[in-house]
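Read the structure below first, then the notes.
Encoded structure:
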């Protein structure tokens with residue numbers, strides 16, 4: 187006797203829900219994987235971030251956020267979850283941030299090669315005027331006056347409400363990612379590579395931001 191199609195769909199839906207959610211080892215709450223970061227046990231017995239969640243073996247999931255990962259490292263929830271002694275770097279939260287930054291800078295480089303990233307105040311303002319900008323980037327160490335002028339240009343455009351503004355990388359980090367000495371202002375413009383970079387930028391922002399902080403738009 188065959189299985190009821192409705193039962194099959196219900197079973198598949200339940201399985202999909204289990205796959206797309208995991209328990210946070212720190213809070214013991216079940217969350218969507220988009221709100222978690224996976225950690226895997228390396229060959230040397232150390233816990234390291236598995237940003238893409240593709241490392242083999244058992245993993246430990248922790249709420250996606252610098253403070254949560256920092257607390258997880260301090261209390262060593264990893265040994266409890268894996269039921270064995272593991273080595274946890276004291277700076278695990280910073281290591282995770284660095285991995286996220288590396289993913290972002292790599293994506294920014296690809297966006298530049300695809301012609302979907304503009305740098306320099308003049309080019310960025312031109313992109314804003316053409317209404318093709320999907321994200322505005324300002325170096326975290328930019329001068330306040332330069333930052334203000336760029337935001338004024340954005341607020342004067344029709345895209346003001348749709349374009350997020352980020353200042354989570356230094357001018358040196360932006361420069362290295364884009365093959366230039368220093369970059370103060372940059373803008374992502376429409377395209378697949380830019381969308382990928384924007385997603386990684388939003389991830390880094392969420393990781394570093396306090397729970398009640400939202401992206402500046």
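Numbering (my numbering), first residue to last: 187 to 403. Glycine included, every Cβ here is placed at the ideal spot set by N, Cα and C. Remember, it's a predicted structure, so these values are computed and weren't measured experimentally.
Kindly indicate the opening and closing residues of the alpha helix (DSSP H) around residue 332.
Here residue 332 corresponds to residue number 146 of the chain shown, with the count starting at 1. Start and end: 330–341.
For the segment 285–303 against the segment 252–261, are there 3 or more C-beta pairs whose distance is under 8 Å?
no
Grab the span of the alpha helix (DSSP H) containing residue 386 for me, first residue to last.
As a working mapping, residue 386 is identified with position 200 in the chain shown. 378–394 is the span of the alpha helix (DSSP H), which, as asked, contains residue 386.
Classify residue 136: buried if its beta carbon has 16 or more other beta carbons within 10 angstroms, exposed otherwise.
In the structure as shown, the chain starts at 187 and stops at 403, and residue 136 therefore has no counterpart that could be examined.
Rounded to whole angstroms, what's the CA-CA distance from residue 246 to residue 375? Just pull it up for me.
The count along the chain shown starts at 1 and reaches residue 246 at position 60. The count along the chain shown starts at 1 and reaches residue 375 at position 189. Between the alpha carbons of residue 246 and residue 375 lies a distance of about 36 Å.
Apart from the five residues just before and just after residue 300, which ones in its own chain have a Cβ nearer than 7 Å to its Cβ?
Walking along the chain shown from the start, residue 300 turns up at place 114. So the list reads 377 and 379, once near-sequence residues are dropped.
Since residue 225 is in the beta strand (DSSP E), which residue starts that stretch and which ends it?
Translated into positions along the chain shown, residue 225 becomes position 39. For residue 225, the enclosing beta strand (DSSP E) begins and ends at 222–227.
Given a cut-off of 8 Å, decide if residue 233 and residue 278 are closer than it, judged by their beta-carbon atoms.
Here residue 278 is taken as the residue at index 92 of the chain shown, counted from 1. Here residue 233 is taken as the residue at index 47 of the chain shown, counted from 1. In this structure, residue 233 lies closer than 8 Å to residue 278 by Cβ.
Just to confirm the assignment: which complete alpha helix (DSSP H) runs, minimum length 4, are found wholly within the segment 298–324?
307–315
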